[in-house]
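Numbering (our numbering), first residue to last: 962 to 1091.
Worksheet: one structure, shown below.
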């Protein structure tokens, strides 16, 4: 089984397991190996802010995700939930959709009120396509 996490936009998430179709060991996913980044050096004793680019950090994870999708032959579906009318949140969700779809992950955005968001998350968890 593969795990995918559903985020509801309020910092809460729900774990969803999907069956894999092409694997010799169901439920087993190799861990991703990556190097830790050091933001300071031994010679520089002063605390300095560092700008860390997200692309090099995300690259091995995105490659691993694409490989899993290709190996399993299943395109996962992620549901994003917006519980307010914040334009910045909508823009963030749009960029999330663009990034996920570039990696072969389907993304649907559900706009709802903050009162109904829990009900929408429960409905998404009961949907077999998610």
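The C-beta atom is built at its ideal place from N, Cα and C for all residues, glycine as well.
Go ahead and label residue i buried or exposed: buried means 16 or more other beta carbons lie within 10 angstroms of its beta carbon, across all protein chains shown.
i: residue 1037; result: buried
i: residue 1049; result: exposed
i: residue 1078; result: buried
i: residue 1054; result: buried
Would DSSP call residue i helix, strand or coil?
i: residue 1009; result: coil
i: residue 1081; result: helix
i: residue 1066; result: coil
i: residue 1038; result: strand
Report whether the distance from the Cβ of residue i to the nearest heavy atom of the ligand NAP is below 8 Å.
i: residue 1044; result: This structure lacks the ligand NAP; in fact it carries no ligand of any kind.
Is it the case that the Cβ atoms of residue i and residue j are separated by a distance below 9 Å?
i: residue 1040; j: residue 1064; result: no
i: residue 1066; j: residue 1026; result: yes
Counting only the same chain and skipping the five closest in sequence on each side, list residues whose C-beta sits under 8 Å from that of residue i.
i: residue 1074; result: 1044
i: residue 1058; result: 1041, 1068, 1070
i: residue 1062; result: 1068
Quick one: residues in its chain with C-beta nearer than 7 Å to the C-beta of residue i, no 5 flanking neighbours on either side, listed in chain order?
i: residue 1051; result: 1043
Keeping to the same chain, check which residues put their C-beta closer than 6 Å to that of residue i; ignore five residues upstream and five downstream.
i: residue 1023; result: 1064
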